[in-house]
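Okay, structure first, notes after.
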Amino acid sequence: MPLSLRLICYRCMIKHYTIPVFIPELACPFRCAFCNQEKISGHRHIPEESEIRSIVDSYLKSFKQPERHVEIGFFGGTFTGIPLEEQERYLKTVVPYLKSGLINGIRLSTRPDYINKEVLDLLKKYGVTTIELGAQSLDDEVLKASYRGHTAERVAAASKAILDYGFDLGLQMMIGLPGDTFEKSMTTAEKIIALGASNTRIYPALVIKDTAMHRWYKQGRYHPLSLDEAVEWSKHLLLLFEKNNVAVIRMGLHPSEGLVDGSELVAGPFHPSFRELVLTEIWGDILKPLTDKIAEKENIVIKVNPSQLNYATGYSGKNRKRLLQNFNSVKIIASSKIMGRDFVVEHAKISTIG
Ligand code: SF4
Numbered sequence: 015m016p017l018s019l020r021l022i023c024y025r026c027m028i029k030h031y032t033i034p035v036f037i038p039e040l041a042c043p044f045r046c047a048f049c050n051q052e053k054i055s056g057h058r059h060i061p062e063e064s065e066i067r068s069i070v071d072s073y074l075k076s077f078k079q080p081e082r083h084v085e086i087g088f089f090g091g092t093f094t095g096i097p098l099e100e101q102e103r104y105l106k107t108v109v110p111y112l113k114s115g116l117i118n119g120i121r122l123s124t125r126p127d128y129i130n131k132e133v134l135d136l137l138k139k140y141g142v143t144t145i146e147l148g149a150q151s152l153d154d155e156v157l158k159a160s161y162r163g164h165t166a167e168r169v170a171a172a173s174k175a176i177l178d179y180g181f182d183l184g185l186q187m188m189i190g191l192p193g194d195t196f197e198k199s200m201t202t203a204e205k206i207i208a209l210g211a212s213n214t215r216i217y218p219a220l221v222i223k224d225t226a227m228h229r230w231y232k233q234g235r236y237h238p239l240s241l242d243e244a245v246e247w248s249k250h251l252l253l254l255f256e257k258n259n260v261a262v263i264r265m266g267l268h269p270s271e272g273l274v275d276g277s278e279l280v281a282g283p284f285h286p287s288f289r290e291l292v293l294t295e296i297w298g299d300i301l302k303p304l305t306d307k308i309a310e311k312e313n314i315v316i317k318v319n320p321s322q323l324n325y326a327t328g329y330s331g332k333n334r335k336r337l338l339q340n341f342n343s344v345k346i347i348a349s350s351k352i353m354g355r356d357f358v359v360e361h362a363k364i365s366t367i368g
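Position in the sequence shown counted from 1, then plus 14, gives you this note's numbering.
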């Protein structure tokens, strides 16, 4: 069973799970320059209702945490692009879980140009809670160069309609698409915030086999971001979203077989722990003032919130190793008394930075 998508809300310590149900490209007439949908999702198979029920049942059995918030998420394609009766069939399959309280919500992802009154009426009727739109960019030049087939204005209109119906809005974005720049990606994030999204995902663009971007890459017309660039851009985006209370529920694609073994991935900033890399850099910046001090004989202990321990230490211990260039010994330990990204330094004659 693939892992459910799991997040912890550190304010309430409730575990958030999303049970993913992949509905591959059933009706998508588009060919976005970055997409080979079957290869990205790693799922070609269209699940039957009985299969969906057994997926959901086995996930539910595996959840141990009593305090939890569970959603079923229809991902992998363009949910509202499939015929209405098909959408209804899928929704009817999962509604009993919602009614019995076994799950708390239903979310799905789709394109902004597949949002209309008929679709929204149907989704409302079956208790869908969150609609995520693949905005990808809110820069018309980037959208055009990526063969996305819709404009930024279309994203804005669909977002407004979704919010008017009372759904939660998610707006996914990509970075490093053809024509994209750091400034354009920050403007996209600002627009996502202004459009009222409560959540987002940040996907660095990858060169996947048999896509238009693959062709352009071979011709030298498209250059993906390096991993360092993607991490740097994402760091600024994450901080901006956090500041504006937009939850970043994913950074980087889920590692599917074709991405991990490299059989479908041609080039680009893929890393199975992409989020951790980004958070490592954020903590690298937070701890930077400590590295201004050279105290080779000093032993320091840095206390951080338990949720931040891995990131403060850094991916492969990067931040700790950096500090070890300045201090004799560095211990980074968890303390539930420390909140958020604060930290306290002990056994050292240096000031605490909150
Ligand atoms: S990204 Fe979505 S809309 Fe674009 S080709 Fe893939 S499935 Fe279709």
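Where is the CB? At the ideal position from N, CA and C, for every residue including glycine.
Closer than 7 Å to a non-hydrogen atom of ligand 1 - does that hold for the CB of residue i?
i    : result
R45  : yes
R215 : no
T92  : yes
G148 : yes
R264 : no
R168 : no
R229 : no
R125 : yes
Starting from residue i, follow the alpha helix (DSSP H) in both directions and report where the run begins and ends.
i    : result
V156 : 154–159
A348 : Note, A348: premise wrong, no alpha helix (DSSP H); beta strand (DSSP E) at 341–348.
E85  : Careful: E85 lies outside any alpha helix (DSSP H), inside the beta strand (DSSP E) at 82–89.
Y2   : Here the chain covers residues 15 to 368 and nothing more, so residue 2 does not appear.
A47  : Where A47 is concerned, there is no enclosing alpha helix (DSSP H), given that its DSSP letter is neither H nor E.
V245 : 241–257
R229 : 226–232
Could you check where the beta strand (DSSP E) with residue i kicks off and where it finishes?
i    : result
V359 : 357–360
K29  : 28–36
Y217 : 213–218
Assuming residue i and residue j form a contact by the criterion Cβ under 8 Å, report the distance between their Cβ atoms to the nearest whole angstrom.
i    : j    : result
M200 : L147 : Between L147 and M200 the Cβ distance is about 19 Å, and since that is not below 8 Å, they are no contact.
L291 : Y329 : 5 Å
V109 : I33  : Contact flag wrong, Cβ pair sits at about 14 Å.
T202 : L152 : 4 Å
R355 : I308 : About 25 Å; that fails the 8 Å criterion.
G190 : A219 : 4 Å
P192 : A47  : 6 Å
M187 : A149 : 6 Å
Problem set entry | 3-residue-minimum beta strand (DSSP E) runs that sit fully inside the region 266–339, ordered along the chain | When DSSP assignments are scanned along the region 266–339, the uninterrupted stretches of beta strand (DSSP E) that are 3 or more residues long and fall wholly within it turn out to be 279–281, 309–318.
Exercise. Which whole runs of the alpha helix (DSSP H) in the region 108–146 are 4 residues long or more, in chain order?
Worked result: Here the runs fully enclosed are 131–139.
Exercise. Is the number of C-beta pairs between the region 309–320 and the region 333–352 that are closer than 8 Å three or more?
Worked result: Because the criterion of three Cβ pairs below 8 Å is met, the region 309–320 and the region 333–352 touch.
Exercise. At a cut of 8 Å, does the region 214–223 reach the region 277–291 through at least three beta carbon pairs?
Worked result: The region 214–223, when compared against the region 277–291, does touch it at the 8 Å Cβ threshold.
Exercise. Can we say the region 132–141 touches the region 71–91, given the rule of at least three CB pairs closer than 8 Å?
Worked result: By the Cβ test, the region 132–141 is not in contact with the region 71–91, since fewer than three Cβ pairs between them sit closer than 8 Å.
For this session: Take every Cβ of the region 66–77, pair it with every Cβ of the region 237–250, and state whether three or more of those distances are shorter than 8 Å.
Result: As far as the Cβ criterion goes, the region 66–77 does not touch the region 237–250, which means the pair count is below three.
Problem set entry | Sequence ranges, beta strand (DSSP E) only - wholly within the region 163–195, length at least 3 | For the region 163–195, whole beta strand (DSSP E) runs of length 3 or above, ordered along the chain, are 182–189.
Exercise. If we count Cβ pairs, one from each stretch, closer than 8 Å, do we get three or more for the region 113–132 versus the region 142–156?
Worked result: Three or more Cβ pairs drawn from the region 113–132 and the region 142–156 lie within less than 8 Å of each other, which places the two stretches in contact.
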